[in-house]
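Chains H and R supply the protein sequences, listed in that same order. Here the working numbering is used: the first residue of the first sequence is 662, the next is one more, and so on. Here the working numbering is used: the first residue of the second sequence is 5, the next is one more, and so on.
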Amino acid sequence: MLLLAPTGADSANSISVLKTAGFEAVVCCDLSEVVTRAVEGVGAMLLAEESLRTPDLVVLTEFLEKQSSWSDVPLIVITSGGDTTHISLRAYQALGPAANLSLVERPFRVITLVSTLRAALRSRRRQYEVRDLLEQLEEKVRERTARLEQTISELEAFSYSMSHDLRAPLRAMRGYSQVLLEEYSAKLDEDGQDYLNRILSASERLDRLVQDVLRYSRSARETIEFITVNLEALIASVIVEYPALRPPNAVIDVAVPLLKVRGHEASLTQVISNLLGNAVKFVKSGEKPHVRVWTTKHDSRVRIFFRDNGIGIAPEHHSKIFKMFERLSAGSEYEGTGIGLAIVAKAVERMGGKVGVESEVGKGSTFWIELEGSEE
Amino acid sequence: MNPIGTILLVEDNPDDVFFMRRACKSVCLQNPLHVVEDGNKAIDYLAGNGEFADRTAFPLPCVMLLDLKLPGKSGLDVLGWIQGRPEFVTSVVIVLTTSREPRDIQEAYRLGANAYLVKPTSPTQLAEIVSSIKSFWIDHNVVQ
């Protein structure tokens, strides 16, 4: 494919030269036609310098600038030398930054033009190959993404029904152990009762685990709607719900007024109850948990801080704690499933926010979440 | 108020049936408890079909406790069936299930459930739930 915008007598001449050399060419009468045809596909543009005189040169530069990333149409301008060189110079300056431009000066030998065109067409062919490869690649990415999404939703459905199905036998284990303890403890010696208590507490732990997995999978899947959330009211409602967050068990000190944020209320309630729950849980035994909550503004974003007087977290663990099943405290001193902060991270991520922690061992921790602020 | 009305429990898990019976006993609930183990039987019971034709032996329940995940017709199917029938407009249906899925909750309420409760894991909590059902839905709630 080759387009040509000639003026005057040499168009017929050029055409015959090209035909002899085996090129397919279309003759256009002005640059607008060149561009209109080029949109449908073009190997190279061969332009006579005289045709660039017109003000519609801008049509060509626009076309060249709007090319796809893979495309760089070769442009060959035949110049006349002598007194019209300044047109070439202007065209060169105008097209220079946008064009894959070569100049061929008259009088030229046929072989010069033919080899220039061959080189141009060859590079153009490569560009089309790149385009095809890109299309194939995109198609492949689309296919794989679709397959991945399918797998993810199957996995989620699996983990959901799995967790539910796990809870039924768990309820039975827990229920019957409790019935045994209530109705038959007189017939069991101390060891027997101890074993039964262990079964009971293990099944309670498993139950918490399963529930947390469910919560996590819900926070990863559920559709979220954004509204303006009044954090003061939300934190107050969380504190009302959990006795562990209230005196005499703990002091939660909220630095009112708190800035408002945009978020999904249910997710945010989950996030804040998990963070406050952790803040009061990980304290040295005998110490009374004291948590301070405040907000700061960062451009359009709001950061909510939760500072505790707990045992703190060594810096090397800061990146780990937001991952699933990462528990830093060994043994049973601090009960937990290792999912709470993973839920926080996932829920905040889904609300377009960020989470973080600043902490040192023995000096308490400050967890923060950052969300879009709201002026409402 | 219907202190002696029948409670219909739609539940396929025999362990859950056991715990429910025990919880009823522990809070001294006098109302007879009938158990059917799937959605089809629940509908047959309400419609008085086949083995349930005798209304003296199988009276219409004053409260129905309905599990959602059931073999055959699901709890939601049963709710849909009830919703389409004017004679059950005052029937009290309480969903009692393991599912906490927003989809299930919304669908159950849309189909006319009166309450939605998530099965607790401990018998103590179950007894509390049964006790509050008794006080609210059986002792205080008015349907006729």
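Just so it is clear, CB atoms sit at the ideal spot from N, CA and C, and this is done for glycine as well.
Query - Chain-order list of residues whose beta-carbon lies under 7 Å from that of ILE47/R (same chain, five-residue window excluded) - result: LYS77, VAL82, TRP85
Requested in this report: For LYS1024/H, count neighbouring C-beta atoms within 10 Å of its own C-beta (all shown protein chains included) and say buried if the count is 16 or more, exposed if not.
Outcome: exposed
Query raised in the report: What is the C-beta distance between LEU708/H and LEU736/H, in whole angstroms, given that I count them as a contact (C-beta under 8 Å)?
Result: 7 Å
Query - Within 8 Å, strictly: CB atoms of VAL134/R and ALA27/R - result: The Cβ atoms of VAL134/R and ALA27/R sit closer than 8 Å to each other.
Query raised in the report: Taking a cut of 7 Å between CB atoms, which residues from the stretch 821-839 of chain H lie near chain R?
Result: HIS825, ARG828, ALA829, LEU831, ARG832, ALA833, ARG835, GLY836, GLN839
**Report entry** When VAL40/R, SER30/R, ALA119/R, VAL31/R are compared against LEU13/R, the one with the closest alpha-carbon
**Finding:** With distances taken between Cα atoms, LEU13/R lies closest to VAL40/R.
Query raised in the report: Which two residues bound the contiguous beta strand (DSSP E) that contains ILE98/R?
Result: ILE98/R -> beta strand (DSSP E) spans 96-101.
Query raised in the report: MET5/R: buried (16+ other C-beta within 10 angstroms of its C-beta) or exposed?
Result: At MET5/R, the pLDDT of 49 sits below 50, so the modelled position is not reliable and the matter cannot be decided from this model.
Query raised in the report: For a contact meaning CB atoms closer than 8 Å, what does ASP868/H contact in chain R?
Result: THR125
Query - As assigned by DSSP and simplified to three states, the class of GLU1036/H - result: coil
Query - Whole runs of the beta strand (DSSP E) within the stretch 906-950 of chain H, excluding any shorter than 3 residues - result: For secondary structure counted as the beta strand (DSSP E) over 3 or more consecutive residues, the stretch 906-950 of chain H holds these complete runs in sequence order: 912-915, 922-924.
Query raised in the report: In angstroms, rounded to a whole number, what distance separates the CA positions of ASN53/R and GLU886/H?
Result: 45 Å
Query raised in the report: Fully enclosed by the stretch 870-907 of chain H, which beta strand (DSSP E) runs are 3 residues long or longer?
Result: 888-890
Query raised in the report: Taking the Cβ atom as the reference point for each residue, do LEU831/H and VAL874/H lie within a distance shorter than 8 Å?
Result: no
Query raised in the report: Name the residues in the stretch 95-113 of chain R whose C-beta lies less than 8 Å from a C-beta of chain H; which are they?
Result: THR102, SER103, ARG104, GLU105, PRO106
Query raised in the report: Does LEU736/H come within less than 8 Å of chain C when only Cβ atoms are used?
Result: Absence of chain C from the displayed structure is noted, the protein chains being H and R.
Query - GLU883/H: contacting residues in chain R (beta-carbon distance under 8 Å) - result: PRO106
Query - 4 or more residues per run - each alpha helix (DSSP H) lying fully within the stretch 783-820 of chain H - result: none
Query raised in the report: Does ASP19/R have its Cβ less than 8 Å from a Cβ in chain H?
Result: yes
Query raised in the report: Straight-line CA distance for ALA760/H to ARG808/H?
Result: 41 Å
Requested in this report: Using a Cβ cut-off of 8 Å (strictly closer), state whether LEU1002/H contacts chain R.
Outcome: No, its Cβ sits nowhere closer than 8 Å to a Cβ of chain R.
Query - Beta bridge counterpart(s) of THR761/H as assigned by DSSP - result: Checking the sequence shown, residue 761/H turns out to be Asn, not Thr. For ASN761/H, which the question treats as bridged, DSSP gives the partners PRO735/H.
**Report entry** Length-filtered (3 minimum) beta strand (DSSP E) runs lying within the stretch 686-721 of chain H
**Finding:** 705-709
Query raised in the report: At what residues does the beta strand (DSSP E) containing THR36/R begin and finish?
Result: Here the sequence assigns Pro to residue 36/R, which means Thr is not the residue at that position. In this chain, PRO36/R is not harboured by any beta strand (DSSP E), its DSSP state being neither H nor E.
Query raised in the report: Candidates PRO908/H, GLU790/H, ARG923/H, GLU817/H: which alpha carbon is nearest GLY704/H's?
Result: GLU790/H
Report task. Go ahead and label GLN931/H buried or exposed: buried means 16 or more other beta carbons lie within 10 angstroms of its beta carbon, across all protein chains shown. Result -> buried
Query - Distance between ASP733/H and GLU726/H (C-alpha atoms, nearest Å) - result: Roughly 9 Å between the two C-alpha positions.
Query raised in the report: Hey, how far is the Cα of GLY947/H from the Cα of LEU100/R?
Result: When the Cα atoms are used, GLY947/H and LEU100/R turn out to be separated by approximately 41 Å.
Query raised in the report: Taking Cβ to Cβ, would you say LEU857/H is nearer than 8 Å to LEU867/H?
Result: no
Requested in this report: Rank LEU919/H, ARG698/H, ARG767/H by C-alpha distance to the C-alpha of VAL738/H and give the top, closest one.
Outcome: ARG767/H
**Report entry** Status (buried if at least 16 other CB within 10 Å, exposed otherwise) for VAL97/R
**Finding:** buried
**Report entry** Cβ pair count under 8 Å reaching 3, the stretch 898-907 of chain H against the stretch 849-865 of chain H
**Finding:** They do not touch, by the three-pair rule.
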